[in-house]
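Residue numbers (the numbering used here): 11 to 156.
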């Protein structure tokens, strides 16, 4: 996550400074990555990746819940996650209606103390991905023409 820190320094006059920094909460031994994308048929695909970097190695299990406004929560289970990553997918209809909405992924360790929360706004990177896709198509068209 990114945070803006404001400083007001009073000397012969007032100086206001804003500094942007990223921060990470937690130990870093378990990481959550979430990517959303609109796929064919106006379907929202959400990719959840949980990475186990525990040392000493722990075998982990998680109950994952995806909370979507005005919908029943969706669940996935991760069993026996050793060192490395686990990937789960969620598919939700009507992607355009969810664009701009906040979603919440909660991964709760089974028989453990860890609770991982990840909130994000749907569709924040779609325009960038569309621009990249258009550029790739143009490049492919140019290659075919030659």
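Beta carbons are placed, not taken as given, at the ideal position from N, Cα and C, and that holds for glycine.
Closest residue to residue i among the options (Cα-Cα distance)
{"i": "residue 104", "options": "68, 54, 84", "result": "54"}
{"i": "residue 29", "options": "40, 15, 20, 52", "result": "15"}
{"i": "residue 94", "options": "115, 62, 50, 110", "result": "62"}
{"i": "residue 38", "options": "84, 45, 65", "result": "65"}
{"i": "residue 129", "options": "137, 102, 112, 122", "result": "112"}
{"i": "residue 78", "options": "110, 97, 91", "result": "110"}
{"i": "residue 132", "options": "121, 115, 74", "result": "115"}
CB contact flag (residue i, residue j, <8 Å)
{"i": "residue 117", "j": "residue 59", "result": "no"}
{"i": "residue 70", "j": "residue 119", "result": "yes"}
{"i": "residue 100", "j": "residue 126", "result": "no"}
{"i": "residue 52", "j": "residue 134", "result": "no"}
{"i": "residue 72", "j": "residue 56", "result": "no"}
{"i": "residue 160", "j": "residue 12", "result": "Here the chain comprises residues numbered 11 to 156, so residue 160 is not present and cannot be evaluated."}
{"i": "residue 40", "j": "residue 97", "result": "no"}
Where the beta strand (DSSP E) containing residue i begins and where it ends
{"i": "residue 108", "result": "Careful: residue 108 lies outside any beta strand (DSSP E), inside the alpha helix (DSSP H) at 105 to 108."}
{"i": "residue 93", "result": "Segment: none, residue 93 is in no beta strand (DSSP E) and carries neither H nor E."}
{"i": "residue 14", "result": "12 to 20"}
{"i": "residue 67", "result": "It is not in any beta strand (DSSP E) - residue 67 carries neither H nor E in the DSSP assignment."}
{"i": "residue 46", "result": "40 to 49"}
{"i": "residue 62", "result": "53 to 62"}
{"i": "residue 116", "result": "112 to 119"}
{"i": "residue 27", "result": "24 to 32"}
{"i": "residue 125", "result": "125 to 131"}
Buried versus exposed call for residue i [16 or more other C-beta atoms within 10 Å across all chains shown]
{"i": "residue 49", "result": "exposed"}
{"i": "residue 18", "result": "exposed"}
{"i": "residue 46", "result": "buried"}
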